[in-house]
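For the sequence shown, the residue numbers in our numbering are 1 to 621. Just so it is clear, CB atoms sit at the ideal spot from N, CA and C, and this is done for glycine as well.
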Amino acid sequence: MPLIESPRWKRGKPPHWAAKLAAGLAFCLFQALSGAAAEHKPGPAHALAMHGTPALPADFSHLPYANPAAPKGGRLILSQSGTFDSLNPLIVKGIAVPQMRGYVIESLLTRGHDEAFTLYGLLADSVETDEARSYVTFRLRPQARFADGRPVTAEDVLFSWQLLRDKGRPNYRLYYAKVTKAEIIDARTIRFDFGGAADRELPLILGLMPILAKHAVDPERFEETTLSAPLGSGPYQVTAVRPTASVTLTRNPDYWGRDLPINRGLWNFDEIRIDFYREANGQFEAFKRGLYDARIEHEPLRWHEGYDFAAAKNGEVLRDTIKTGLPQPTEYLVFNTRRPVFADIRVREALTLLFDFDWINRNYFFGLYGRIPGYFPGSQLSAYQRPADDRERQLLAPYLNRLPAEIIDGRFRLPASDGSGRDRDTLRRALALLAEAGFALENGVLKQRSTGQPLRFEILVTTRDQERIALAYARDLKRAGIEAEIRAVDGVQFDQRRLSYAFDMIQNRWDQSLSPGNEQAFYWGSSAADTPGTRNYMGAKDPAIDAMIAAMLEARHRDEFVSAVRALDRVLIAGFYAIPAYNVPEQWIARWNRIQMPSSTALSGVLPETWWFAPPRPSQR
1 MPLIESPRWK RGKPPHWAAK LAAGLAFCLF QALSGAAAEH KPGPAHALAM HGTPALPADF
61 SHLPYANPAA PKGGRLILSQ SGTFDSLNPL IVKGIAVPQM RGYVIESLLT RGHDEAFTLY
121 GLLADSVETD EARSYVTFRL RPQARFADGR PVTAEDVLFS WQLLRDKGRP NYRLYYAKVT
181 KAEIIDARTI RFDFGGAADR ELPLILGLMP ILAKHAVDPE RFEETTLSAP LGSGPYQVTA
241 VRPTASVTLT RNPDYWGRDL PINRGLWNFD EIRIDFYREA NGQFEAFKRG LYDARIEHEP
301 LRWHEGYDFA AAKNGEVLRD TIKTGLPQPT EYLVFNTRRP VFADIRVREA LTLLFDFDWI
361 NRNYFFGLYG RIPGYFPGSQ LSAYQRPADD RERQLLAPYL NRLPAEIIDG RFRLPASDGS
421 GRDRDTLRRA LALLAEAGFA LENGVLKQRS TGQPLRFEIL VTTRDQERIA LAYARDLKRA
481 GIEAEIRAVD GVQFDQRRLS YAFDMIQNRW DQSLSPGNEQ AFYWGSSAAD TPGTRNYMGA
541 KDPAIDAMIA AMLEARHRDE FVSAVRALDR VLIAGFYAIP AYNVPEQWIA RWNRIQMPSS
601 TALSGVLPET WWFAPPRPSQ R
């Protein structure tokens, strides 16, 4: 199978850096000759980076991972597991179609996916902030239009901010509430002030704010689920909805931004349809029949053995293995610490010891998976096998008395078994911890000594792969006298129970970037623990976590930022909030050969907006 490496983008115009260097030298010479100390003044820029400077110059022609010559036309059919009951992804209620963001509803700025966290102008043609990032000003493009032809104005931006701050998803409410003042400068210009908040990410967070049309949104009904198509400014419009089954997007021929360099080579299909499947096996069988065009594979058994059908053998279906530059996606078994059964950290550590990854990986996954503890594995941000540097130790100083020394000095390792499924060493270590927590084995059942209650809990699953892992884990727990009931539910019920924290243990994954920011408070911040709809599924409430997130947001330089993230990683590891089940070192993509991808892949991996339709030649059929 072909291997697509992450691109090594090369700037093809040395004059850009040469010109900058020359200008810098000239400026220094001018200062020296004049004896004047020029004060730095912020000004409008075409892009904004979280740390450092944007990789692309103001006059870039296209994104390095897009094919500017990609043909327009054809249809792309994608699949989604589960179902939907809403076209509004900006509220808590309902299960929304995720493609509404980006495809239909745009933001002021948009990501450059070859960089850790850099945003380039989209609805806004410029962004301005100061060194302290105490404010941000956006200047809208004069040609920016909603799909009904009306211009996008500063009033729409102000309206969107107010609406999402008051009635949007919890992450929007959390982020946008940090703005202390919003001021419309003119019809195309708006400024947000942050009142001294120590959060350098806020200008970028505001840049990614979805912009809604004030004239087309009823604020009183905004929090209601709806299948009515939103009015956006994006390249596509919703043209057909089959409730619970499919949504069809059609490219807007009058899309205002089609000629922007940021969009060159993107949004190539005339039509995109998203089909929903309630059952994973049925979803795969539909792909084998060509009922949809591409899938990201998550099950190693299927990737290893399932693609032996005729179309995959004769080249009609292609398989790509893609190495990204992001932290490796990791699946976790998550403890809901809101439940008394998991309140004691010694219990959580013992249950972590009892998970036999080596047996599961060998018998279920053909050894395709790895296992790294922490929440930023395989990246520069991971604390694993790295001793804490001086910055980390300073940040962690108030909490060092409760952090294990082996996590601070980089000696911590997850348990490794002999792979037999009967490893006695990890069992002894787990039972010793459980004894410290007040449990004892009685006639093969682990019971709390003070109450006589057995240690039991439920593992909620929704896919075959999750069920197999849960069953294997339940077998290991049984050896310690612990009863784990496996409850299989459909995707809809799983999502509902996950969002309301109505579970003991679930399998989950938090996808991380190379520039984690405010979303970390949404994942494990104390303020998110008791707010339904956040991704703090474990219910973490720890001032050390909150302090590390704050330090991360305050960091001005990349090295300070990396130290803060690693310190956060150490605190999360030390809390034993989730059992790392396995890491996925690469992306697995299967596609019918009528769907083409650029030769270069973005740092973040595959992006369907860069694909295009190309009917196969007769020899390929």
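Judged by their CB atoms, residue 614 and residue 594 are nearer to each other than the 9 Å cut-off.
Take the alpha-carbon of residue 436 and the one of residue 445: they are about 17 Å apart. The residue from 170, 333 and 176 with its alpha-carbon nearest to that of residue 473 is 333. Distance from the CA atom of residue 94 to the CA atom of residue 418, rounded to whole angstroms, is 45 Å.
Exclusion of the five residues before and after residue 433 leaves 346, 347, 349, 350 and 353 as the residues of its chain whose Cβ lies within less than 8 Å of its Cβ. Note on geometry: alpha-carbon atoms of residue 426 and residue 460 lie some 25 Å from one another.
Going by C-alpha positions, residue 71 is about 15 Å away from residue 253. Of the residues assessed, residue 290 falls on the exposed side of the cut-off, its CB having fewer than 16 other CB atoms within 10 angstroms. Of 147, 401 and 577, the smallest CA-CA separation from residue 103 is found for 147. For residue 543, the enclosing alpha helix (DSSP H) stretches over residues 543 to 554. Excluding five sequence positions before and after residue 113, the CB atoms of its chain that fall closer than 7 Å to its own CB belong to 65, 602, 603, 604 and 607, given in chain order. Within the segment 259 to 340, complete alpha helix (DSSP H) segments of at least 4 residues are found at 280 to 288 and 310 to 313, given in chain order. Residue 242 is not a Cβ neighbour of residue 554, given a cutoff of 9 Å. Residue 579 sits close to residue 335, with the two beta carbons spaced by under 9 Å.
Here residue 445 carries a strand assignment [DSSP, helix/strand/coil]. Residue burial is scored here from C-beta neighbours: residue 214 has at least 16 other C-beta atoms within 10 angstroms and is therefore classed as buried. Looking at the DSSP output, residue 484 shares a beta bridge with 457. Secondary structure at residue 505: strand, using DSSP grouped into helix, strand and coil. In the three-state DSSP reduction, residue 178 falls in the coil class, being neither helix nor strand.
Per DSSP, the beta bridge partners of residue 440 are 447.
Of 177, 539, 483 and 212, the smallest CA-CA separation from residue 230 is found for 212. CA-to-CA, the gap between residue 535 and residue 541 works out to about 13 Å. Looking at the DSSP output, residue 127 sits in a beta bridge with 45 and 138. Short of 7 Å from the beta carbon of residue 342, and not among the five residues preceding or following it, lie these beta carbons of its own chain, in chain order: 335, 336 and 348. The beta carbon of residue 69 sits closer than 8 Å to the beta carbons of 265 from its chain, once the five residues preceding and following it are set aside; these are given in chain order. Contact check for residue 236 against residue 226 fails: the beta carbons are separated by 9 Å or more. 50 is the residue among 197, 59, 50 and 55 whose C-alpha sits nearest the C-alpha of residue 561. Membership of residue 579 in the beta strand (DSSP E) is indicated by the continuous run 578 to 583. For residue 234 and residue 45, the gap between their C-alpha atoms comes out near 23 Å. For residue 193, the enclosing beta strand (DSSP E) covers residues 189 to 193.
In the DSSP assignment, residue 588 falls within the beta strand (DSSP E) that extends over 587 to 592. A residue is called buried once 16 or more other Cβ atoms fall within 10 Å of its Cβ, and residue 308, having fewer, is exposed.
Remark: C-beta atoms of residue 581 and residue 223 do not approach each other more closely than 9 Å. In the structure shown, residue 512 falls within a coil segment according to DSSP collapsed to helix, strand and coil. Comparing alpha-carbon positions, the option among 164, 566, 194 and 524 lying closest to residue 221 turns out to be 164. Exclusion of the five residues before and after residue 276 leaves 79, 80, 81, 82, 83, 84, 244, 245 and 246 as the residues of its chain whose Cβ lies within less than 8 Å of its Cβ.
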